[in-house]
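Have a look at the structure below, then the notes.
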Amino acid sequence: MTFFFILFLILLILAVQKWALRRCLESIHEDYWVERTVVDPGEIFSVILAVHNQSRRYLPFVKVEMRLPREFHLEERSGKKEKKEKNGREERRAEQPAPPEEETAPLNGPRVVRSYSLRPWQEVRFHIPVTISRRGRYVLRHPALLGGDFLGMKERQREFRQFREVVVAPPEYSLPSLEQALGSFLGDYSVRRFLYEDPILTAGCREYTGREPMKMIAWKQSARLGTWMVHQYDHTVEPAVTVLLNMETREDTEWTEAAFSIARTVCAVLEDRQIKYDFATNASQAGGSRNGASVAEGLGEMHFRSVLECLGRGMDEVSRPFCRMLGELALKNGRNRGLLVITPGEGLERPAENAAELDRWRKESGENVQILCACHFCCDRSAG
298 MTFFFILFLI
308 LLILAVQKWA
318 LRRCLESIHE
328 DYWVERTVVD
338 PGEIFSVILA
348 VHNQSRRYLP
358 FVKVEMRLPR
368 EFHLEERSGK
378 KEKKEKNGRE
388 ERRAEQPAPP
398 EEETAPLNGP
408 RVVRSYSLRP
418 WQEVRFHIPV
428 TISRRGRYVL
438 RHPALLGGDF
448 LGMKERQREF
458 RQFREVVVAP
468 PEYSLPSLEQ
478 ALGSFLGDYS
488 VRRFLYEDPI
498 LTAGCREYTG
508 REPMKMIAWK
518 QSARLGTWMV
528 HQYDHTVEPA
538 VTVLLNMETR
548 EDTEWTEAAF
558 SIARTVCAVL
568 EDRQIKYDFA
578 TNASQAGGSR
588 NGASVAEGLG
598 EMHFRSVLEC
608 LGRGMDEVSR
618 PFCRMLGELA
628 LKNGRNRGLL
638 VITPGEGLER
648 PAENAAELDR
658 WRKESGENVQ
668 ILCACHFCCD
678 RSAG
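The C-terminal position of the sequence shown is numbered 681 in our numbering, with every residue numbered one higher than the one before it.
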């Protein structure tokens with residue numbers, strides 16, 4: 298009798314083991330994300346892993362493994378674990394240090410392992426503080442979720458399904474010669490707009506009433522709409538600047554990276570001075586458009602963040618010629634605005650075509666055009 302009872306217990310344990318192994322991951326919802334999708338080089342941010350037990354069962358063993366890209370650097374040997382338990386309408390949240398289980402593989406990147414036991418309805422979030430030193434776009438690898446039976450003899454595994462990435466913006470470029478060039482251009486631009494014979498700027502178009510002189514007729518808009526339209530002028534129109542980052546050049550990596558940093562510095566100065574600007578580049582975007590990128594005219598934190606994302610995703614591949622990009626922007630916004638061009642090398646490719654387009658812009662903007670060559674500022678920094 299005792300033999301059969303022991304045999305029954307063994308069979309029962311094996312059945313429970315098999316059932317627990319089969320259903321160990323069914324009630325778990327997993328997710329992961331980055332604290333900020335656009336960061337600066339060396340800025341500390343967190344990769345957050347979340348595991349939620351969505352059942353009434355106690356889960357004695359749940360493990361998460363994540364291999365970070367090799368460009369990621371762990372800032373601490375242990376992060377912060379955040380627990381959330383739900384029981385009816387009551388919620389309790391607590392934070393406590395998690396046991397350190399990281400191990401670093403220089404060739405493959407840091408590996409982070411975390412083990413949990415989850416009570417019913419419990420959610421655990423773990424924050425992994427990391428930094429990245431180089432500009433670019435980085436795709437996070439899918440973490441692995443592992444669960445096992447209550448004896449810990451066998452494990453089942455599945456990958457997190459979400460896609461996550463982080464973009465590292467270029468650092469700012471601090472150099473007296475760059476500050477002087479920007480100060481001279483922006484100072485002249487702010488003053489020069491009031492030195493025209495007719496200091497009136499175009500704010501838009503309106504219908505022709507019959508009282509306007511012929512010189513006020515907007516011929517292109519009239520032809521497009523099929524009715525007479527005239528320019529509407531406004532003395533209070535604020536100045537605006539177009540910032541272009543040109544990658545149509547064959548230069549070394551140092552000058553290319555400097556051009557990205559100079560573009561960021563230029564936009565930061567415009568933000569500080571509250572001068573509206575739009576941004577465009579013919580650099581192909583990693584994980585995005587192969588036709589370059591552009592950000593519409595504006596100001597503010599979200600606008601600047603969009604520019605930083607374009608600069609972080611930018612590659613040294615050229616999506617379209619510079620003269621074509623310049624012509625498209627002229628059709629979109631007009632040329633009655635300042636133009637700042639940042640380019641890595643000594644000058645621009647296709648000199649004849651680019652010179653003609655730049656001359657047209659100079660005539661319509663009142664000579665408010667400046668080209669910033671990254672190579673010059675790199676030489677100044679080396680000399681200093």
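All C-beta atoms, glycine included, are put in the ideal place defined by N, C-alpha and C.
All of these numbers come straight from a predicted model, not from anything done at the bench.
query	result
Looking at the structure shown, is G624 part of a helix, part of a strand, or coil, going by DSSP?	helix
What first and last residue would you give for the beta strand (DSSP E) that runs through T640?	G635 to T640
Out of curiosity, what's the CA-to-CA distance linking Q719 and H326?	The chain is shown from 298 up to 681; residue 719 falls before or after that span and cannot be answered.
What does the Cβ neighbour count give for N405, buried or exposed, with the cut at 16 atoms within 10 Å?	exposed
Quick check on I569: buried or exposed, where buried means 16 or more other Cβ atoms within 10 Å of its Cβ?	Looking at the sequence provided, one finds Asp at residue 569 rather than Ile. Exposed is the call here.
Drop a sphere of 10 angstroms on the beta-carbon of P669, count the other beta-carbons inside from all chains shown, and report buried for 16 or more, exposed for fewer.	Per the sequence shown, the amino acid found at residue 669 is Leu instead of Pro. Its Cβ being crowded by 16 or more others within 10 Å, L669 is buried.
W525 bridges to which residues according to DSSP?	Paired residues: none, contrary to the question.
Tell me the DSSP bridge mates of E476?	Answer is none; E476 lacks a bridge partner.
Compute the beta-carbon to beta-carbon distance between V348 and V409, rounded to the nearest angstrom, for a pair I have assumed lies under 8 angstroms.	Contact doesn't hold; Cβ gap of about 13 angstroms is too wide.
Taking N579 and N630 to be in contact with their CB atoms under 8 angstroms, please state how far apart those CB atoms are, rounded to whole angstroms.	The Cβ separation is near 16 angstroms, so there is no contact.
Closest to R353 by C-alpha separation, out of F342, R416, I345 and V336, would be which residue?	R416
Are the stretch 615-625 and the stretch 648-661 touching by the rule of at least three beta carbon pairs closer than 8 angstroms?	yes
Are Y470 and I559 touching if we call contact CB-CB under 7 angstroms?	yes
Decide if G635 is buried, meaning its Cβ has at least 16 other Cβ atoms within 10 Å, or exposed.	buried
Answer yes or no: do L442 and V361 have a C-beta to C-beta separation smaller than 7 angstroms?	yes
Using C-beta distances below 6 angstroms, list every residue in its chain close to P467, excluding the 5 sequence neighbours before and after it, in chain order.	R432, F557, S558, R561 and L608
Expressed to the nearest angstrom, what Euclidean distance is found between the alpha-carbon atoms of A671 and L475?	10 angstroms
Looking at G642 and T682, is the spacing between their C-beta atoms short of 7 angstroms?	This structure cannot speak to residue 682, because the chain is shown only from 298 to 681.
Looking at H424: is its Cβ nearer than 7 angstroms to the Cβ of I341?	no
Name the residue from D549, N588, R602 and T539 whose alpha carbon lies nearest to the alpha carbon of K573.	T539
Please list, in chain order, all residues of the same chain as V335 whose beta carbon is under 7 angstroms from its beta carbon, the five residues on each side excluded.	V464, A466, R602, L605, E606 and G609
Whose C-alpha, out of A577, Q419, S430 and A565, is nearest the C-alpha of D337?	S430
What's the gap between the Cα of W658 and the Cα of A649?	14 angstroms
Give me the Cβ distance between L541 and V638, rounded to the nearest whole Å; I'm assuming they're in contact under 8 angstroms.	5 angstroms
Measure the beta-carbon distance from V331 to F369 and round it to whole angstroms, keeping in mind my assumption that it falls under 8 angstroms.	Not a contact, Cβ separation roughly 11 angstroms.
Using the Cβ count rule (16 or more neighbours within 10 Å means buried), how would you classify E456?	exposed
Rounded to the nearest angstrom, what separates E551 and T640 at their Cα positions?	12 angstroms
Closest to T667 by C-alpha separation, out of M599, R434, M513 and Q477, would be which residue?	A small correction: the amino acid at residue 667 is Gln; Thr does not occupy that position in the sequence shown. Looking at the Cα atoms, Q477 is the closest of the given residues.
Over the uninterrupted beta strand (DSSP E) stretch that includes T562, give me the two end residues.	Note, T562: premise wrong, no beta strand (DSSP E); alpha helix (DSSP H) at T550 to D569.
Determine the closest residue to E661 out of H673, F674 and L628, with distance taken between C-alpha atoms.	L628
Cβ of A583 within 7 angstroms of Cβ of M612?	yes
Quick one, which of L645, M511 and R438 has its alpha-carbon nearest Q459's?	R438
Might you give, ordered along the chain, the residues of its own chain that have their beta carbon closer than 6 angstroms to the beta carbon of H673, omitting 5 neighbours on each side?	none
Ignore the nearest five residues each way along the sequence and tell me which others in A515's own chain have a CB closer than 8 angstroms to its CB.	C502, M526, V527 and H528
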